[in-house]
Amino acid sequence: MLIMSKDSNFFTIFIISVLFHFGELAWGYPEQGKWSLPVSQEEQYIAVTKSMFNGTSVLVKVKCDADMETSASPVNVTISWVLRWTPCWKEYLFYSEENKKFFEDLFESPELPLNHEVIQYPAGLKSSQFSFKCDNNIILPPADESNVRILEYHSSDGSTEATPTTNNTQKLKRLTGSDAHEGLALPAPGSKTARTTRPLVTVHSDGVYLFMMRIKSDNGSFTATVDLQMVGSYGYLSASDYPLLWFYSVLCVVYVIYGVVWLVLCFLRWRDLLRLQYWIAAVILLGLLEKAMFVAEYESLNEQGYSVPGLLIAAEIVSCAKRTISRILVVIVALGFGIVKPRLGSLLHRVIALGMLYFLLASIESCTRILRPKTDQSKQMLVAVIPLALLDSLICWWVFSALVSTIRTLRLRRNPTKLALYSYFTNALALGVLLSVIFMFWSVRYHTYDDCLKDWQTLWLNDAFWHLLFALLLLVIMILWRPTNNNQRFAFSPLLDDGSDGEEIDHLIGGGLAEDTKHRSRAASTTSSSPRSSRQHSAEDDLKWVEDNIPSSFADMNLSALDSDEEIMTTRFEMSKMQ
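Per mature numbering (1 follows the signal peptide of the UniProt record, and there is no 0): the sequence shown = residues -28 to -1, 1 to 551.
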């Protein structure tokens, strides 16, 4: 059995710091696969980042409308684009679409590395400038060697670096597939349908990509809409989000198995079910609903290319409800509800208030997080994360403190069955905390403080680990509190809990008298096998001991306490007659 520390203050501070780091690792909504971006003469640049697998295609359609009121002649526009590859997940972390100056500089010199602390030479393609008449739909020609050039890295003194250029050229050949010209051959002349459905470029290397486009005009004003798609053979999900689709699908099946097994066990033992077993059923149901909604969200995104905001928020709200119910379940189990004590009393209001507060803070944090991109690490998230982390720390401290008190009570009552149950439960929670701490240190070391983060394909573990750990702890609770034939051995029974009556006597009439009473009880039990005459002699000795040790006033007081109100009134009335 794991030994818990009595220094609760240190434990609380430790949990707060751990949860604070976990709040920084929370991720936002999944990367999209379709965009519809506006462009005008004033806003000429668009930029989209996404992690993509080998074989992902980039499709672009431009719809341009000229402002004929300010332009006397037909408006012509010039279109050019850049596709930039980098192995670093954090390459574009601190840049957003509002940072126009950054995109303008990067569009002109996309071959320059952005992170000067850890230099990773990027690779990419930059197209020629294409001139079109701004008249409704514009079809861009697919990338080939005639209209796209491979980027080369130039040092600060203007000389070309041979090694990075050679590496980039080889990488770009894999990127564009120019070795075999696969997927880049121009369609036959006059085949307009083929040109509209053919991708602009197909990538042939896993990585984090930035697609930028500039549309400008020299002879008039215009407004345009760029419809951009990045789709792979499997669908629109990004390379960093695709593993979560399979993970949530597997967990959904796991929760279905949980629910079926628990339903069968409860049906077979429905006469002897405990209240805690109903709470466990509610947690399983909410977990199944949560995973089903996440699967629906990721499946919809993979098929359609964009998220449904309402579905994602609804899934997060269900997740918050599941987390709230599970924490209430752990708290009431730690307090011994239904096992050590029949009711919570005044603690019930505290538990309900704690659950309502946790659900409120968790909902605010989830909605704030899910409406932001994954690469957003603004300080505004801390406003929602820190209160939830503090409350989680308080819950953790309360749970372990209550477990220590409950285990101490079970030891005093000498109930080995319930003591073993709570020992296993405490060990499971302590092991869960230990695994959480280990994973957090690993995640902070390799995901947070890595300036480049080349291992971005493992980022999905930041979400998956907590769902998996929750499912494992739920499995442990299901095994410990499963319905069985002798299910009531875990229920509260004051007549069967050894030592409970003795504790009440100690509390009511003092320790010395209780010890004497217990001593006389043990003496009486040892003489139970004597002859009848010995029993009569023992009874006389007991009566004599009672007369010598227990005052008559004390006995009268206790006897009067047993009378009902009606008997007391009758006695007083008779005494008044005698006076």
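No residue lacks a Cβ here, since even glycine has one placed at the ideal position from N, Cα and C.
This one's a predicted model, so the numbers in the text were calculated from it and none came from an experiment.
Exposed or buried, residue i, counting other C-beta atoms within 10 Å across all chains shown (16 or more means buried)?
i           : result
residue 3   : buried
residue 47  : buried
residue 57  : buried
residue 304 : buried
residue 181 : buried
residue 8   : exposed
residue 204 : buried
residue 256 : buried
residue 282 : exposed
residue 266 : buried
residue 394 : buried
residue 392 : exposed
residue 439 : buried
residue 218 : exposed
residue 406 : exposed
residue 297 : buried
residue 170 : buried
residue 190 : exposed
residue 54  : buried
residue 320 : exposed
residue 103 : exposed
Note down the Cα distance separating residue i from residue j, rounded to an integer number of angstroms.
i           : j           : result
residue 100 : residue 22  : 23 angstroms
residue 534 : residue 317 : Only weak support is given to the placement of residue 534: the predicted model assigns it a pLDDT of 46, under 50, and the value that follows is read from those uncertain coordinates. In a straight line, the C-alpha of residue 534 is about 25 angstroms away from that of residue 317.
residue 14  : residue 186 : 11 angstroms
residue 441 : residue 184 : 40 angstroms
residue 121 : residue 98  : 6 angstroms
residue 32  : residue 10  : 13 angstroms
residue 456 : residue 226 : 22 angstroms
residue 312 : residue 333 : 31 angstroms
residue 106 : residue 38  : 6 angstroms
residue 260 : residue 17  : 44 angstroms
residue 380 : residue 373 : 11 angstroms
residue 454 : residue 249 : 8 angstroms
residue 292 : residue 331 : 6 angstroms
residue 557 : residue 229 : This structure cannot speak to residue 557, because the chain is shown only from -28 to 551.
residue 369 : residue 361 : 12 angstroms
residue 399 : residue 77  : 57 angstroms
residue 95  : residue 417 : 27 angstroms
residue 45  : residue 193 : 11 angstroms
residue 413 : residue 119 : 48 angstroms
residue 202 : residue 287 : 25 angstroms
residue 111 : residue 290 : 44 angstroms
residue 449 : residue 241 : 17 angstroms
residue 80  : residue 423 : 25 angstroms
residue 390 : residue 308 : 10 angstroms
residue 489 : residue 236 : Because residue 489 carries a pLDDT of 45, less than 50, the predicted location of this residue cannot be relied on, and the following value inherits that uncertainty. If you take the alpha carbons of residue 489 and residue 236, they lie about 49 angstroms apart.
residue 50  : residue 29  : 23 angstroms
residue 552 : residue 224 : What is shown of the chain runs -28 to 551, which leaves residue 552 out entirely.
residue 108 : residue 82  : 30 angstroms
How is the alpha helix (DSSP H) around residue i delimited, first residue to last?
i           : result
residue 295 : 281 to 307
residue 219 : 214 to 240
residue 265 : 247 to 276
residue 434 : 433 to 452
residue 405 : 388 to 415
DSSP beta-bridge partners for residue i?
i           : result
residue 201 : 6, 31
residue 57  : 95, 181
residue 174 : 29
residue 194 : 38
residue 52  : 186
residue 103 : 50
residue 11  : 196
residue 313 : 309
Just confirm the distance between the C-beta atoms of residue i and residue j, as a whole number of angstroms; I'd bet it's less than 8 angstroms.
i           : j           : result
residue 6   : residue 208 : 7 angstroms
residue 172 : residue 115 : 6 angstroms
residue 216 : residue 427 : No, residue 216 and residue 427 are not in contact; Cβ-Cβ is about 16 angstroms, not under 8 angstroms.
residue 214 : residue 263 : Contact doesn't hold; Cβ gap of about 17 angstroms is too wide.
residue 586 : residue 175 : With the chain running from -28 to 551 in the structure shown, residue 586 is simply not present.
residue 251 : residue 326 : About 15 angstroms separates the two Cβ atoms, so there is no contact after all.
residue 253 : residue 234 : 6 angstroms
residue 178 : residue 274 : Their Cβ separation, rounded to whole angstroms, is 18 angstroms, which puts residue 178 and residue 274 out of contact at 8 angstroms.
Counting along the chain, where does the beta strand (DSSP E) carrying residue i start and finish?
i           : result
residue 99  : 95 to 99
residue 107 : 107 to 110
residue 120 : 120 to 122
residue 22  : 17 to 24
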